[in-house]
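Engineer: Structure below; questions to follow.
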Amino acid sequence: MSISPRFMQELRDRLSLSEIIGRRVKLVRAGHEYKACCPFHGEKSPSFYVNDDKQFFHCFGCGAHGDAVGFVMRHDNLSFIEAIEALAPQAGLEVPRQTREDVEHAKQEKDLHALMAATTKWFQDQLHSPAHRDALQYVRERGLPDDVLSAFSVGFAPADGGALPKFLREQGFSEKQILDSGVARKSTRNNDLYAFFRDRVIFPVPDRRGRVVAFGGRVLPEHLRPIDPSQSKPPKYINSSDSPLFHKGRMLFGEPHARQAAIDGKPLIVVEGYLDVIACWRAGFTGAVAPLGTALTEDQIAVLWKMIPGDMKVPVLCFDGDNAGRRAAARACERILPHLKPDHSARIAFLPEGEDPDSLIQTKGAVAFQTIIDTAMPLADFIWMSQTEGRSFNTPEERAGLERTWLDETARIVDKAVQDQYRKLLLKKSSNLFWELDRAKQNASRGAGMGRGFGRDMGPKAKGRKIDLPPLRSPVVEKERRAHSILLLILLNHPWLFEEVEEQFGALSMTDSRLDSLRQMMIRTLSEAPNLEKTPFYDHLSAYGFDKELQNLASDTMYVHAGFARPSAERQDVREGWAETIRSLYDQAERQELRVAGQTLAGDFSTENEQRILALHQARQDQDGQG
Numbered sequence: 001m002s003i004s005p006r007f008m009q010e011l012r013d014r015l016s017l018s019e020i021i022g023r024r025v026k027l028v029r030a031g032h033e034y035k036a037c038c039p040f041h042g043e044k045s046p047s048f049y050v051n052d053d054k055q056f057f058h059c060f061g062c063g064a065h066g067d068a069v070g071f072v073m074r075h076d077n078l079s080f081i082e083a084i085e086a087l088a089p090q091a092g093l094e095v096p097r098q099t100r101e102d103v104e105h106a107k108q109e110k111d112l113h114a115l116m117a118a119t120t121k122w123f124q125d126q127l128h129s130p131a132h133r134d135a136l137q138y139v140r141e142r143g144l145p146d147d148v149l150s151a152f153s154v155g156f157a158p159a160d161g162g163a164l165p166k167f168l169r170e171q172g173f174s175e176k177q178i179l180d181s182g183v184a185r186k187s188t189r190n191n192d193l194y195a196f197f198r199d200r201v202i203f204p205v206p207d208r209r210g211r212v213v214a215f216g217g218r219v220l221p222e223h224l225r226p227i228d229p230s231q232s233k234p235p236k237y238i239n240s241s242d243s244p245l246f247h248k249g250r251m252l253f254g255e256p257h258a259r260q261a262a263i264d265g266k267p268l269i270v271v272e273g274y275l276d277v278i279a280c281w282r283a284g285f286t287g288a289v290a291p292l293g294t295a296l297t298e299d300q301i302a303v304l305w306k307m308i309p310g311d312m313k314v315p316v317l318c319f320d321g322d323n324a325g326r327r328a329a330a331r332a333c334e335r336i337l338p339h340l341k342p343d344h345s346a347r348i349a350f351l352p353e354g355e356d357p358d359s360l361i362q363t364k365g366a367v368a369f370q371t372i373i374d375t376a377m378p379l380a381d382f383i384w385m386s387q388t389e390g391r392s393f394n395t396p397e398e399r400a401g402l403e404r405t406w407l408d409e410t411a412r413i414v415d416k417a418v419q420d421q422y423r424k425l426l427l428k429k430s431s432n433l434f435w436e437l438d439r440a441k442q443n444a445s446r447g448a449g450m451g452r453g454f455g456r457d458m459g460p461k462a463k464g465r466k467i468d469l470p471p472l473r474s475p476v477v478e479k480e481r482r483a484h485s486i487l488l489l490i491l492l493n494h495p496w497l498f499e500e501v502e503e504q505f506g507a508l509s510m511t512d513s514r515l516d517s518l519r520q521m522m523i524r525t526l527s528e529a530p531n532l533e534k535t536p537f538y539d540h541l542s543a544y545g546f547d548k549e550l551q552n553l554a555s556d557t558m559y560v561h562a563g564f565a566r567p568s569a570e571r572q573d574v575r576e577g578w579a580e581t582i583r584s585l586y587d588q589a590e591r592q593e594l595r596v597a598g599q600t601l602a603g604d605f606s607t608e609n610e611q612r613i614l615a616l617h618q619a620r621q622d623q624d625g626q627g
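Each residue of the sequence shown is one higher than the one before, counting from 1 in full-length UniProt numbering.
Right under this line is the structure:
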C-alpha cells in the first residue's frame, strides 16, 4: 500500500509530537524543547530531546532519530502502515483507501496469523498431554522449566500426521490456508493433508512483533525414540519452508527478546540453534539469536545491525571451536565483508571444542560463556589470523601472496573509507610480521641471544624490551625454550600475575612460533578480561586451537622444573619463580653475547671489538654486584 508524501506531511502537521511521545514517555520541558531518558536505551541522565517545531525527536546517547511515525513504529513495534493507521485517527484523517488487492492481501495475512496462533497453542497442549510424557521428559532433561516453555511457546507435534490438519479444519481454516501456512502438505497418493512436523519438539518462530510465522522441529533422542534399522535416520532439525508470512533468510530465532536486549544495552550474540538461544536467555544473555537452518545471510546481518541502537553496531558471532566452526566463521566473514561501513562490523568468538552454548553454560556456568563473549576478536583480526595461521612468509613471493590475498579480499568492501582502513591495517600488520621474521633470521644467522639492555631489575615490575632468543636446536636453545614454557605455564595457572608482569611478558619474542602465538593470544585475552579465572582462561585458549600446547605445558615434567608454577602454589612463590626464570633468561643471553663477542674479537682483534668485550664484562660485574 502506497502513502503519498502529501498525506504524510499533513499527518505530521496535525499531530503534536510531544503529545504522541508524552503518552509513552515522561517528558520535561527544556526551553523550546522537551527532554527525557531515552526509551530506546538504558540511561540515567536525559539525552532524548523532542522538538515540536521541527517535528523530530533525537537521542544524543544512542542516535535514535525520527518523526511521529518513526517513534510509534519503534516504540510500539509496529510496521510503517500500522503506525500510520494508529496515528491517523488522532489527526482527524483517514488513511487513503486500499486497492482490492491490498485488502485481499491483508485479509490473507490476518487469517494466516490466526492459523499460526491456533497451531502454536495446539502444539503447546500436545506437549502437556499425558499421551506425550516422553516429549515433556525430554525438554525437562534439557533443563527447560515451565517459565521457559511458556516464554518460548515450546510444544510438541505428535506422530499422527492427520491430527493437526483435522484440528485446523475444525477451527474453520480452509485447505488452501493450511497449505499456504506450511504446517501441512498434501499426499501424492490420496490427496489427504498430513502434518509437516511429526513426532518432534516444536520451537515456534516469532517475527519482530512476536507473532508466530514459522516453526522449527527437533527429533526426540534415540533413548526415547529408538531408530528402526530399516529406516533412514531422520534429520535432527527441520524448519518451515518459506511462506507468505515467513522468509527464513531474513529472520532470526529469538528476535523479539533480542530487540529489547539491544535497547537495554546488552550485546547481540548469534549462536547456532534454538536450544542455544534458550540456554543463553536463561543465563541472562537475552540478546542471543540464531539463523533458521541456514548459514548467516546478508539480510540477517542487516537485521542485526538495525536491531542495535546507537552508532556502534557490532554483534558477536559465536561458533564451535572445531574446524567446521572455523569454516563457518570464514563463510560468515565473506558475507559480511562487502557490507562493512563505518561503525558496522562484527566480532568473532569460538567455543571450546566439543561444546555449544547450551552445554557450556550447563557444565561451567554463565561466567564461562561471558568470557567467550568478552574476548571475541574483531572481524579484521579473525581475517588476518585466517590468512596467516600456519603459513610461511620468508620469501618475497610468499609475502607478496599474503598482501595480494588481503587486498583482493578487502577490495570487496563497498564503503571506500572502511576499505582504506583495512589496507592501512594490512600495511601495519604485515610490516610488523615481516620485521619480526627478519629479526629472528638475523639473530639465527649470528647466533645472537637476547642482546643487552633487557633490564637490570628482574622483579615482576621490571621494564623490558624485545627478548630475541636463538632458534638453533642447541642445549642453550632448549633451556631457553623451557624457560619460555615455564613463564607461559605460570600465567596459565595464575592469570592474576599478568597485571604485574604485562610489560615483561609483552617484550618476549619466542622462536617457537606456536608458543609465541599462544603468548600473543594470552596477552590479548588477559588485556581484555583482566579478572579472568584459570578455568575459563584455559577454555578460551583451547577454543582457539591451543589444546596441544596447553597439554604439553601442564605436563608433570614441566612441574619437575617449576613447582612454583603449580595451580596450588602460594602467590609469593609464584612471583619469586617468575623473577628467577626471567633472571635465568637474562643471564643466559648475556653469556651468549659474550661468546659471540669473543668469537668476533678472535677473528678481528680491533680496538672496537676489544672495547665491546670489556663493556660486556663490566656490565656483567655490575649485575653481579647488584645481585
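All residues carry an ideal CB built from backbone N, CA and C; glycine is no exception.
Starting from H540, trace the beta strand (DSSP E) in both directions and tell me its first and last residue.
Structural biologist: No beta strand (DSSP E) holds H540; the alpha helix (DSSP H) holding it covers 534 to 543.
Engineer: Name the DSSP bridge partner or partners of I348?
Structural biologist: L317, M377
Engineer: Which complete alpha helix (DSSP H) runs does the region 131 to 210 hold, if anything under 4 residues is left out?
Structural biologist: List check, alpha helix (DSSP H) in window: 133 to 141, 146 to 151, 163 to 170, 175 to 181.
Engineer: Take L27 and list the residues in its own chain whose beta-carbon comes closer than 8 Å to its own, dropping the five residues that flank it on each side.
Structural biologist: S18, I21, Y34, K35, A36, V50
Engineer: What is the rounded straight-line gap between the Cα of P471 and the Cα of V277?
Structural biologist: Residue placement at P471 is poorly supported in this model, since its pLDDT is 40, which falls under 50; the coordinates still yield a value, given next. The alpha-carbon atoms of P471 and V277 are separated by roughly 47 Å.
Engineer: Would the beta-carbon of L351 fall within 8 Å of that of A332?
Structural biologist: no
Engineer: When the Cα atoms are used, what is the spatial distance from G459 to A349?
Structural biologist: With a pLDDT of only 45 at G459, under the threshold of 50, the placement of this residue in the model should not be trusted, and no figure is reported.
Engineer: Quick one: give me the first and last residue of the alpha helix (DSSP H) that R335 is part of.
Structural biologist: 323 to 336
Engineer: Once you ignore the five residues that flank F546 on each side, which residues in its own chain have a CB closer than 6 Å to its CB?
Structural biologist: Shown here for F546: same chain residues with a beta carbon closer than 6 Å to its own, the five before and five after excluded, namely L518 in chain order.
Engineer: Does DSSP classify R218 as helix, strand or coil?
Structural biologist: strand
Engineer: Taking one C-beta from the region 554 to 572 and one from the region 481 to 501 each time, how about it: are there three or more such pairs within less than 8 Å?
Structural biologist: yes
Engineer: Measure the alpha-carbon distance for Q504 versus E222 and round it to whole angstroms.
Structural biologist: 54 Å
Engineer: Which residue's Cα is closest to the Cα of K364: A135, E10, F537, D192?
Structural biologist: F537
Engineer: Let me know the secondary structure DSSP gives P470 once reduced to three states.
Structural biologist: A caution first: P470 carries a pLDDT of 38, below 50, which makes its placement in the model too unreliable to give a value.
Engineer: Which value, in whole angstroms, describes the spacing of the CA atoms of P357 and D587?
Structural biologist: Distance between P357 and D587, taken at the CA atoms: about 47 Å.
Engineer: Can you give the Cα-Cα distance for V148 and A258, rounded to whole angstroms?
Structural biologist: 15 Å
Engineer: Only counting the same chain, and skipping five residues up and downstream in sequence, which positions put a Cβ closer than 6 Å to that of F48?
Structural biologist: A36, C38, C59
Engineer: Taking M312 as the reference, which of A376, K341, H65, R140 has the closest Cα?
Structural biologist: Across the set A376, K341, H65, R140, the C-alpha of K341 shows the shortest separation from the C-alpha of M312.
Engineer: If you drop the 5 nearest sequence neighbours on each side, which residues of the same chain put their C-beta closer than 8 Å to that of V303?
Structural biologist: R250, M251, L252, E255
Engineer: Can you tell me which of R412, M558, L532 puts its alpha carbon nearest to the alpha carbon of K479?
Structural biologist: M558
Engineer: Please work out which residues of its chain come closer than 6 Å, Cβ to Cβ, to P204, disregarding the five sequence neighbours upstream and downstream, and give them in chain order.
Structural biologist: T120, S153, V212, F215
Engineer: Measure the C-alpha to C-alpha separation of A283 and F167 and round it to an integer number of angstroms.
Structural biologist: 36 Å
Engineer: Here's the rule: buried if 16 or more other CB atoms are within 10 angstroms of the residue's CB, otherwise exposed. What is Q231?
Structural biologist: exposed
Engineer: Look up K364 in the DSSP assignment and say whether it is helix, strand or coil.
Structural biologist: helix
Engineer: Between A184 and P165, how many whole angstroms is the CB-CB distance? I'm expecting something under 8 Å.
Structural biologist: The beta carbons of A184 and P165 sit about 5 Å from each other, so the pair counts as a contact at 8 Å.
Engineer: Can you tell which of K441, A376, M377, E334 has its C-alpha closest to the C-alpha of I413?
Structural biologist: Ranking the options by Cα distance to I413, first place goes to E334.
Engineer: If you draw a straight line from the C-alpha of I263 to the C-alpha of G161, how long is it?
Structural biologist: 41 Å
Engineer: Give the single residue among S568, A157, L87 whose Cα lies nearest to the Cα of V201.
Structural biologist: A157
Engineer: My understanding is that Q127 touches A135, with C-beta atoms under 8 Å, so please give their C-beta distance in whole angstroms.
Structural biologist: Here residue 127 is Leu; the residue named in the question, Gln, does not match the sequence. Sure, about 6 Å apart at Cβ, within 8 Å.
Engineer: If you follow the alpha helix (DSSP H) that R29 is part of, which residue opens it and which one closes it?
Structural biologist: Run containing R29: none in the alpha helix (DSSP H); it sits in the beta strand (DSSP E), 28 to 30.
Engineer: Starting from I238, trace the beta strand (DSSP E) in both directions and tell me its first and last residue.
Structural biologist: 237 to 239
Engineer: Along the chain, where does the beta strand (DSSP E) that runs through C38 open and close?
Structural biologist: Per DSSP, C38 belongs to no beta strand (DSSP E) and is neither H nor E.
Engineer: Is it the case that the Cβ atoms of P96 and I3 are separated by a distance below 8 Å?
Structural biologist: I3 is positioned such that its CB atom lies closer than 8 Å to that of P96.
Engineer: With DSSP as the reference, identify every bridge partner of F48, one or two as the case may be.
Structural biologist: When beta bridges are read from the DSSP output, F48 appears opposite A36, C59.
Engineer: In its own chain, which residues sit with a C-beta less than 7 Å from the C-beta of N394, not counting the 5 before and 5 after it?
Structural biologist: L437
Engineer: Going by C-alpha distance, which of A88, G143, R142, G155 is nearest D125?
Structural biologist: G155
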